[in-house]
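Accompanying notes for the structure given below.
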Amino acid sequence: DAKTTQPTSMDCAEGRAANLPCNHSTISGNEYVYWYRQIHSQGPQYIIHGLKNNETNEMASLIITEDRKSSTLILPHATLRNTAVYYCIVRVSNQAGTALIFGKGTTLSVSS
Amino acid sequence: EAGVAQSPRYKIIEKRQSVAFWCNPISGHATLYWYQQILGQGPKLLIQFQNNGVVDDSQLPKDRFSAERLKGVDSTLKIQPAKLEDSAVYLCASSLIGGDGNTIYFGEGSWLTVV
């Protein structure tokens, strides 16, 4: 079973920041937080991941609380093309390449 | 860099027929995954390979599903005989092994409709 809890859906106005929360209260010390998004009719796309520190790349920022029990994915300037299902996943990274266990994700709707 | 390739992209079959899906992972990726995604749900892991060995197939319905990864590169997923509830998108993914936070990359998926 997925070890994360996300809201089922969220709305965001185009050009505004989209903040997607995720709870992972049972996360272990060696588990990373991953975010993927899935646009209809496409495979999941990697966005960002982190262990303890906040992370930023060209797609998004990831803010992880100090106790690591929750995190927030931030899309700084949402566009209509950001409308998708966003999955927050915790995953151990080890030599065997642990699989991703998906939950139901958050459906983000960006409107003009 | 080429991504994960899958074929066919779409397939419609009648129940009790068979179907096979093919996957070519990203070059150099030793770990390969097959996921099943039913409409409205998140992807569910069916089987995971490392090179040509099976790491996890606990969720694979072995009475009708089979998968192989000969030579540790390409993989095929077969369903025989298909049931209506097998209608789904079958996603292939791959990753490197080892290292911190090794990312998993997905293909576009193969859409199966069983009628």
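Residue numbers (this note's numbering), protein chains in the order written: chain D, 142 to 253; chain V, 147 to 261. We treat Cβ as the ideally placed atom computed from N, Cα and C, and that holds for glycine. In this text, all values refer to a predicted model and were calculated from it rather than measured experimentally.
Neighbouring residues, chain V, relative to residue i (Cβ below 9 Å)
i               : result
tyrosine 228(D) : Gly188 and Pro189
Selection from the options that minimises the alpha carbon distance to residue i
i                 : options                                       : result
glycine 199(V)    : Gln205(V), Gln182(V) and Ser221(V)            : Ser221(V)
histidine 218(D)  : Gly156(D), Asn198(D), Thr146(D) and Met151(D) : Gly156(D)
proline 162(D)    : Glu199(D), Val174(D) and Arg232(D)            : Val174(D)
isoleucine 180(D) : Arg232(D), Tyr228(D) and Val233(D)            : Tyr228(D)
Contact with chain V by residue i, beta-carbon distance below 9 Å
i             : result
lysine 210(D) : no
Amino acids of chain D, ordered along the chain, whose beta-carbon sits closer than 9 Å to that of residue i
i                : result
glycine 255(V)   : Ser182, Gln183 and Gly184
threonine 249(V) : Tyr175, Tyr187 and His190
Chain D within 9 Å of residue i, Cβ atoms only
i                    : result
aspartate 202(V)     : yes
alanine 239(V)       : yes
glutamine 163(V)     : no
valine 150(V)        : yes
phenylalanine 252(V) : yes
valine 219(V)        : no
8 Å Cβ cut-off: residues of chain V touching residue i
i             : result
lysine 245(D) : Gln187 and Gly188
Residues that residue i contacts on chain D, provided the C-beta gap is smaller than 7 Å
i                : result
glutamine 226(V) : Simply none; closest approach about 24 Å.
| query | If you scan the segment 160-190 of chain V from start to end, which runs of the beta strand (DSSP E) of 3 or more residues do you find wholly inside it? | reply | Segments of the beta strand (DSSP E) lying fully in the segment 160-190 of chain V: 165-170 and 177-183.
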